[in-house]
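Heads up: the structure comes next, in structure tokens.
There are 2 protein chains.
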Amino acid sequence: MSSNVNISMSVIKRLPRYYRFLGKLRDEGHLRISSGALSSMMGTTASQIRQDLNCFGGFGQQGYGYNVEQLYNEIGKILGVDRMLDSILIGVGNLGRAIASHMEFEKRGIALLGIFDKNPSLAGTSIKQYKIYHADQLKEFCAEHHPKMAIVCTPTVSTEKVIDELVSYGITGFWNYSHFDILSKYPNVNVQNVHLSDSLLTLGYQMKNNC
Amino acid sequence: MSSNVNISMSVIKRLPRYYRFLGKLRDEGHLRISSGALSSMMGTTASQIRQDLNCFGGFGQQGYGYNVEQLYNEIGKILGVDRMLDSILIGVGNLGRAIASHMEFEKRGIALLGIFDKNPSLAGTSIKQYKIYHADQLKEFCAEHHPKMAIVCTPTVSTEKVIDELVSYGITGFWNYSHFDILSKYPNVNVQNVHLSDSLLTLGYQMKNNC
Numbered sequence: 152m153s154s155n156v157n158i159s160m161s162v163i164k165r166l167p168r169y170y171r172f173l174g175k176l177r178d179e180g181h182l183r184i185s186s187g188a189l190s191s192m193m194g195t196t197a198s199q200i201r202q203d204l205n206c207f208g209g210f211g212q213q214g215y216g217y218n219v220e221q222l223y224n225e226i227g228k229i230l231g232v233d234r235m236l237d238s239i240l241i242g243v244g245n246l247g248r249a250i251a252s253h254m255e256f257e258k259r260g261i262a263l264l265g266i267f268d269k270n271p272s273l274a275g276t277s278i279k280q281y282k283i284y285h286a287d288q289l290k291e292f293c294a295e296h297h298p299k300m301a302i303v304c305t306p307t308v309s310t311e312k313v314i315d316e317l318v319s320y321g322i323t324g325f326w327n328y329s330h331f332d333i334l335s336k337y338p339n340v341n342v343q344n345v346h347l348s349d350s351l352l353t354l355g356y357q358m359k360n361n362c
Numbered sequence: 152m153s154s155n156v157n158i159s160m161s162v163i164k165r166l167p168r169y170y171r172f173l174g175k176l177r178d179e180g181h182l183r184i185s186s187g188a189l190s191s192m193m194g195t196t197a198s199q200i201r202q203d204l205n206c207f208g209g210f211g212q213q214g215y216g217y218n219v220e221q222l223y224n225e226i227g228k229i230l231g232v233d234r235m236l237d238s239i240l241i242g243v244g245n246l247g248r249a250i251a252s253h254m255e256f257e258k259r260g261i262a263l264l265g266i267f268d269k270n271p272s273l274a275g276t277s278i279k280q281y282k283i284y285h286a287d288q289l290k291e292f293c294a295e296h297h298p299k300m301a302i303v304c305t306p307t308v309s310t311e312k313v314i315d316e317l318v319s320y321g322i323t324g325f326w327n328y329s330h331f332d333i334l335s336k337y338p339n340v341n342v343q344n345v346h347l348s349d350s351l352l353t354l355g356y357q358m359k360n361n362c
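Chains A and B are the protein sequences, given in the same order. Numbered per the working numbering, the first sequence spans residues 152 to 362. Numbered per the working numbering, the second sequence spans residues 152 to 362.
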């Protein structure tokens, strides 16, 4: 496998999708797949798949295609699912609770160390195996456990202050469900924004315009 | 405003983001903004913004920029937030419950008519103002109320059967949180997939490779 430097963000963003489709193929018992069959499943082109995977050294064999299990594992390694990233989750509203309950963090290389909320009645309770701490304990917790990534599920009105704190405590990556624009204030951290309403609005447009 | 036919999907997908930024500017009391200032806020180019908005007839005035309130309202109209799309939500797990509680459907042009789950103990209860019905009532409900869009929060194992039913009851659009690939079976419906784990995996990659 070649070095991962200088891979474009558009290629990186497609890797989770390859990983998802290959995981499904593997679960269904498929042993190998051609780039043509994979591209047809994924609604892309065989050439795109070959080009993308060649960024990481290429994995297919001419006339054989891809070994599903091997390619799944290799892409998993590229995505780093085998190296746990220490993380915390902030904000136990409906959304924070759903994410903590629903996501299979460990399978995605994420070690969720703790959950924080300012509601004192939640402190000491848990969601699945994840313990909830009071927001006042955040600074001390970060000094002790050094999490690097935060899942931000706080209401818009309080998010900026929370982000300021988290950056000062050493958080360098944000999975951001809030509408606060983290990168405009902290351009050197890593951010993936999840704007659920954007895809709902797009679907609404498609439905109303018969796209 | 010109007709919305033949607008490319990539332009359409950017509209919700314009809508979001303009809503924020409006809430902050800004009356007008230049395409340069808007593009700098959004991390894009002024030329991109002008090109995108010209697809819908263009709204700016040379030397003045855009009237924030007017542009927000016009993009809202293009997205159809003023025309309610009758919808249902299927599956009251943690995720379904979070989406029903968290999303401001009406502001996005969505009328959520009802929620369905196969758990009989949930039938008759509500999430916010939205009533939960037993899954057995789905066919009759659709025959009476004719919803067009479904929010799919069912577990992967049961999703295909649910989608088959929904298509047969006249649903033509899906906001899909499941991993089932709806378009591969029903290529003529509208689908927006939300794969939360994709952006988490992308963030993990960025963090581990110092992108």
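Using N, Cα and C, we set each Cβ at its ideal position, and we do this for glycine too.
In this structure residue 230 of chain B is in contact with residue 260 of chain B, their Cβ atoms being roughly 7 Å apart against a cut-off of 8 Å. In this structure, A:344 is the residue among A:217, A:202, A:324, A:344 with its C-alpha nearest to the C-alpha of residue 332 of chain A.
Under the Cβ distance rule, residue 196 of chain B does not count among the residues neighbouring chain A, no pair being separated by less than 8 Å. One thing to note: residue 271 of chain A has its Cβ within 8 Å of the Cβ of residue 285 of chain A. Taken atom to atom, the span from the alpha-carbon of residue 243 of chain A to that of residue 301 of chain A is near 13 Å. Put simply, the CB of residue 329 of chain B is far from chain A, with every gap to its CB atoms at 8 Å or more.
Taking the C-beta atoms as reference points, residue 246 of chain B is found no nearer than 8 Å to residue 267 of chain B. Residue 190 of chain A: member of the alpha helix (DSSP H) spanning 186-193, first to last residue.
Put simply, of B:227, B:214, B:217 the residue whose alpha carbon is nearest the alpha carbon of residue 352 of chain A is B:227. Rounded to whole angstroms, the separation of the alpha carbons of residue 320 of chain A and residue 312 of chain A is 13 Å. Note that the C-beta distance between residue 187 of chain A and residue 197 of chain A is below 8 Å. Taking a 10 Å sphere around the C-beta of residue 294 of chain B, we find fewer than 16 other C-beta atoms and assign the residue as exposed.
Proximity of chain B to residue 228 of chain A at the Cβ level (cut-off 8 Å) is not reached, the minimal Cβ distance being about 10 Å. Shown here, residue 242 of chain B sits in coil according to DSSP, grouped into three states, outside any helix or strand.
Under the three-state reduction of DSSP output, residue 264 of chain A falls in the strand class. Assignment of residue 308 of chain A by DSSP, reduced to helix, strand and coil, places it in the helix class. Assigned with DSSP and collapsed to three states, residue 349 of chain A falls in helix.
Using a Cβ-Cβ cut-off of 7 Å, residue 240 of chain A is close to nothing in chain B; its nearest Cβ partner there is about 12 Å away. About 6 Å separates the beta carbon of residue 238 of chain A from that of residue 298 of chain A, a gap short enough to meet the 8 Å contact definition. Proximity of chain A to residue 287 of chain B at the Cβ level (cut-off 8 Å) is not reached, the minimal Cβ distance being about 25 Å. In this structure, the beta-carbon distance from residue 163 of chain B to residue 356 of chain A falls below 8 Å. Restricting attention to A:354, A:220, A:158, the CA atom closest to the CA of residue 175 of chain A is found in A:220. Within the stretch 294-345 of chain A, the complete beta strand (DSSP E) segments of 3 residues or longer fall at 300-303, 324-327, 341-344, listed in chain order. Near chain A, meaning a CB-to-CB distance below 9 Å, the residues of the stretch 341-355 of chain B are 341, 342, 343, 344, 345, 346, 347, 348, 349, 350, 351, 352, 353, 354, 355. DSSP places residue 287 of chain B within a helical segment (H, G or I) once states are collapsed to three.
At a cut-off of 8 Å, the C-beta of residue 359 of chain A has a neighbouring C-beta in chain B. The three-state secondary structure of residue 277 of chain A, taken from DSSP, is strand.
Cβ neighbours of residue 181 of chain A within its own chain (closer than 6 Å, five residues either side excluded): 219. Among the residues of chain A, those whose CB is under 8 Å from the CB of residue 245 of chain B are 248, 249, 252, 253, following chain order. Look at residue 170 of chain A: its C-beta is under 8 Å from a C-beta on chain B. Beta-bridge partners assigned by DSSP to residue 282 of chain A: A:277. The three-state secondary structure of residue 182 of chain B, taken from DSSP, is coil. With a threshold of 8 Å between beta carbons, residue 200 of chain A makes no contact with chain B.
In this model, residue 329 of chain A and residue 215 of chain A are separated by some 45 Å (Cα to Cα). Rounded to whole angstroms, the separation of the alpha carbons of residue 338 of chain B and residue 349 of chain A is 22 Å.
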